[in-house]
Structure formats: C-alpha cells, structure tokens
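Novice: Below you'll find the structure I mean.
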Amino acid sequence: MDSPHKPRHLSPNLFFFFLLVSSNLITFFISNAFKNSSCSLYQQTYSSISTASSFNTPIPLVVEPATRDDDVQISDLPPEFLAFTSPHKLPFGFNTNFDSDKIIPPVGRPCTMFPDLLRRYMSYNVNGSCPDDELLAQKLLLKGCEPLPRRRCRPASQQEYVEPYPLPESLWTTPSDSSVVWTAYTCKSYECLIIRMKTQKGFDDCKDCFDLNGREKNRWSSTKGAGLDFSIDEVLAVKKPGTIRIGLDIGGGVATFAVRMRERNITILTTSMNLNGPFNTFIASRGVVPLYISISQRLPFFDNTLDIVHSMHVLSNWIPTTLLHFLFFDIYRVLRPGGLFWLDHFFCVGEEFEQVYAPLIESIGFHKVKWIVGRKMDRGPELNEMYLSALLEKPLKNSW
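Each residue of the sequence shown is one higher than the last, beginning at 54 in this note's numbering.
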C-alpha cells in the first residue's frame, strides 16, 4: 500500500514551461548587455564633440551611413561638422513648431560624400579665424554641399576696409579694391577685371560685366526693346503700375538688372557665384542684395510671393534636362499668381529647342505673353544655336 505522503513528480508540460521562461530570460540579459555596450560606444564616439546639450539618440549618419562605393564612416567626418549637425536639445523642452524637443541644423547630404574637402573646410580654431578658403567653400557648393554647414570662426577680411560709396552714387561707381579679399581670383584689382576682356585669353564667367561703362551701361535700358532684347520698361508695362515690387534675378552677374529695377523702386535679389571674380562683394558694394547660392538649390522663398523672376543666359542647355524641369517648377512655385517669369536669351541647339526645351517650358503651365526665337551667331552659324527670349505669366486662377 502506497504512503499518502509520497512525493509527486513534475508533469512534462510544467517542466517545458520553466525551460522556456529560463531561455527567454537568458536571451533578454544577453541582448541587453550588448545594447548597453553599443550605447557606450556611441557615447565614447561623441564625447569629443559634446556641448551643453545632451543627445538621447545617436546621429543617423552613424547608425545608417550613406550608401556609396566608399561608405562614409564616422571617423571620416570632422568633429565640428558633427557638433553642428547633431540633434541639439531645445532649452525649454518640446516645441510644437518643431514637433520635437530637439533641433537638427540642415546641411546638404552630399557634404558627407566628400569627407576630405569637408574635413579641410571644417578644420579651424573655434572662436578664432577661419582659413582663407573661398575656393574650397565654392567647390563644396558646386558639388551639392548646399547649404554648407555653419562654422564657429571669423572669415578672412581686408586689412584696411574702406566704406562703400553712398547711394545712389554706389549704383554706377566701381568700388574700392580694399573691399575685396583677392586671394581666390586671377585678377587682384577691379582695374584688371574691367580690362580682362581685352587682355585675358580663355573663358571667364561674365568676362566683361565689371566694366560699368561698357555693355552694362545700356543693358535693358532702351525705351523699346528690339527682337530678343526686351527692355525693362516694356516688360513692366505688361502689368498695372506699381504691381511689380519684388523679385529675383537668377545668375545675375554683377546685378545690373537689380540696379535698373532699383532705379524704378523695385527690389530685386540677385543670385551669383564667385567664378574667378568677386561677384557677390561687387553686388553688395553697388547697394543691392546678393544671394550666394547655386542653380541647384531650392529657391529660399515661400510659395506665391514674388512679382517677377528674371534670368539671362545661366538657364540654358548646359543644365541637365530633368534638373532644369525641377528649376522651372520652382520658379513657378515662388511667383505669385499673375507674376512674371522673364526668360532672357535662353540658348540651345536648334533641334533641341523644338524637340526638348519648347515642350519642357510649355509643360510648366505659364501663359505666353512674349515668345521670340532667334539665331545665336556669336560662335558661328554652323553650330545652329538658337536663342529664346520669353515673357511668361503665372495664371491668376488656381492651377490645381
């Protein structure tokens, strides 16, 4: 007879339950240990660039580096670049405008594709002087590193700066040489720039436009335009007086278009690069506003705000077609309904015009106010190059 106090064995099901729980606990502890180790690694990586802000999450560039043939690693990116682009805690916590408790400063993604150039650009003494590296900065911009990261240093400036001429004298007076840091340019004076059309061989952007007593003196100023050459007054007459007030000139050289418009109480901002000449400094010295951005960057204006956008020569067939399509739509975006797009001397090869560029421009949705096509003969008729000067209007009615 069995004893009533005989011990009872665990059932097989209960045994397997304890085994399952134990294995899950072991897995949890192991994974947690590795996770803590990984976090420590990130903390060590950023310890050299940490500021008063604290980061709860690693920088995405570290977790998911850019996919390229030679992938960018965290060690390739300079500490000052990481210090700027890292998420920074907002002092008062969550902000509804950002929908976050952090702010992430913007830079162009292609910046990380050129770590050697970026390292040179972001190497400086914090609170000290910046390197004299205008050419390097422009090279990064033209490679798509736009916007450039901000820096914590003072840029190179002239030894003895001379105040600009007062308005309106400054509009048509060559500024002092002391207003420019000349190290990035072939010419070392404005006199050299003024005569370089006659003395220098080879191509330079807007080679003769620093001569304010040359072709610049008469640009867009005739009372009546002829053929491809529209006059400013002819264009302004399309709209009611006073309704063209603000606008943009894309690739505007030394901003003579903006100066002409300023004389008519119209404010024009001019985009320009410094391609072997101090274009932005010259524009500012004249008393109008330069924008140092390339044609690749989204225009820094809100939708439906500008009265007029003008561009001469820079928007032409040297720009990849798809990029040009995006750019034309960006111009459409920033123009207000009824705003004008003055496409001034767009050039291409004859067959390209009919097959590619005319349909591309027409696809944007502008109304044609003026549309003049003519031969471009400056490089010879055998090239069969064409000019288009067009005045286009954004429809007043909603285009949705």
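Glycine included, every Cβ here is placed at the ideal spot set by N, Cα and C. In this text the structure is predicted, and so the values were computed from the model without any measurement.
(1) Are at least three pairs of beta-carbons, each pair with one atom in the segment 418–426 and one in the segment 434–448, less than 8 Å apart?
(2) When the distance is taken between beta carbons, is Glu316 closer than 9 Å to Gly392?
(3) Between the alpha carbons of Cys183 and Leu201, how many angstroms are there, rounded?
(4) What are the boundary residues of the alpha helix (DSSP H) that Pro412 is part of?
(5) Identify which residue in Lys142, Ser231 and Met314 has its Cα closest to the Cα of Val288.
(6) Which residue comes first and which comes last in the beta strand (DSSP E) that contains Ile299?
(7) Less than 6 Å between C-beta atoms, sequence neighbours within five positions excluded: which residues of the same chain meet that for Asp360?
(8) What is the DSSP secondary structure of Ser101, reduced to helix, strand or coil?
(9) Once you ignore the five residues that flank Arg386 on each side, which residues in its own chain have a CB closer than 6 Å to its CB?
(10) For the putative contact between Phe394 and Ile384, defined by C-beta atoms under 8 Å, what is the C-beta separation to the nearest angstrom?
(11) What would DSSP say about Cys401, mapped onto helix, strand or coil?
(12) State the beta-bridge partners of Pro343 as determined by DSSP.
(13) Please look up how many angstroms separate the CB atoms of Glu269 and Val307, rounded, as I've assumed it's under 8 Å.
(14) Who are the near neighbours of Glu405 in its chain, counting only those whose CB is closer than 7 Å to its CB and skipping five residues on each side?
(15) Between the segment 323–331 and the segment 255–273, do three or more beta carbon pairs fall short of 8 Å?
(16) For Val179, does the count of other Cβ atoms within 10 angstroms reach 16, so buried, or fall short, so exposed?
(17) Tell me the rounded alpha-carbon separation between Gly418 and Glu435.
(18) Measure the C-alpha to C-alpha separation of Arg204 and Ala290 and round it to an integer number of angstroms.
(19) Smallest Cα separation from Tyr410: which of Met430, Lys429, Arg432 and Thr375?
(20) For the beta strand (DSSP E) that Ala237 lies in, which residues bound it at each end?
(21) Identify every run of the alpha helix (DSSP H) within the segment 261–289, keeping only runs that are complete inside it and at least 4 residues long; order them along the chain.
(22) Would you mind sorting Pro343 into buried or exposed? The rule is 16 or more other CB atoms within 10 Å of its CB.
(23) With distances taken Cα to Cα, identify the nearest neighbour of Ile156 among Gly146, Thr165 and His141.
(24) Which residue marks the beginning of the alpha helix (DSSP H) containing Glu133, and which one marks its end?
(25) Roughly how many angstroms lie between the CA atoms of Thr309 and Pro144, to the nearest whole one?
(26) Can you tell me which of the three DSSP states Met166 falls into?
(27) Can you tell me which of Tyr177, Phe335 and Leu449 puts its alpha carbon nearest to the alpha carbon of Leu246?
(28) I think Ser153 touches Phe147, with their Cβ atoms under 8 Å apart; what is that distance to the nearest whole Å?
(29) Taking Asp383 as part of the beta strand (DSSP E), name the residues at either end of that continuous run.
(30) Considering only C-alpha positions, which residue in the set Pro132, Gln212 and Phe382 is nearest to Tyr174?
(31) Could you tell me the boundaries of the alpha helix (DSSP H) in which Arg313 lies?
(32) Excluding five sequence neighbours on each side, which residues of the same chain lie with their C-beta closer than 8 Å to the C-beta of Tyr214?
(33) So what does DSSP say about Asn451, is it helix, strand or coil?
(34) What residue does the beta strand (DSSP E) around Arg428 start on, and which one ends it?
(35) Spatial neighbours of Tyr238 within its chain, please: CB distance less than 7 Å, with the 5 preceding and 5 following residues excluded, ordered by chain position.
(36) For His420, is the classification buried or exposed, using 16 other Cβ atoms within 10 angstroms of its Cβ as the cut-off for buried?
Specialist: Working from what's here:
(1) yes
(2) no
(3) 14 Å
(4) Ala411 to Glu415
(5) Met314
(6) Ile299 to Ile303
(7) Ile297, Arg298, Ile299, Gly300 and Gly392
(8) Summary for Ser101: the model assigns pLDDT 35, below 50, so the residue's position carries little reliability; its value from the coordinates is reported in the next sentence. Correct three-state label for Ser101: coil.
(9) Asp356
(10) 6 Å
(11) strand
(12) Thr323
(13) 7 Å
(14) Asn370
(15) yes
(16) exposed
(17) 33 Å
(18) 45 Å
(19) Thr375
(20) First-last for Ala237: undefined, no H or E at that position.
(21) 285–289
(22) buried
(23) His141
(24) Pro132 to Thr138
(25) 45 Å
(26) helix
(27) Phe335
(28) 7 Å
(29) Segment Thr374 to Val387 is the alpha helix (DSSP H) holding Asp383; no beta strand (DSSP E) there.
(30) Pro132
(31) Thr309 to Arg315
(32) Ser231 and Ser232
(33) coil
(34) His420 to Lys429
(35) Asn329, Gly330 and Pro331
(36) exposed
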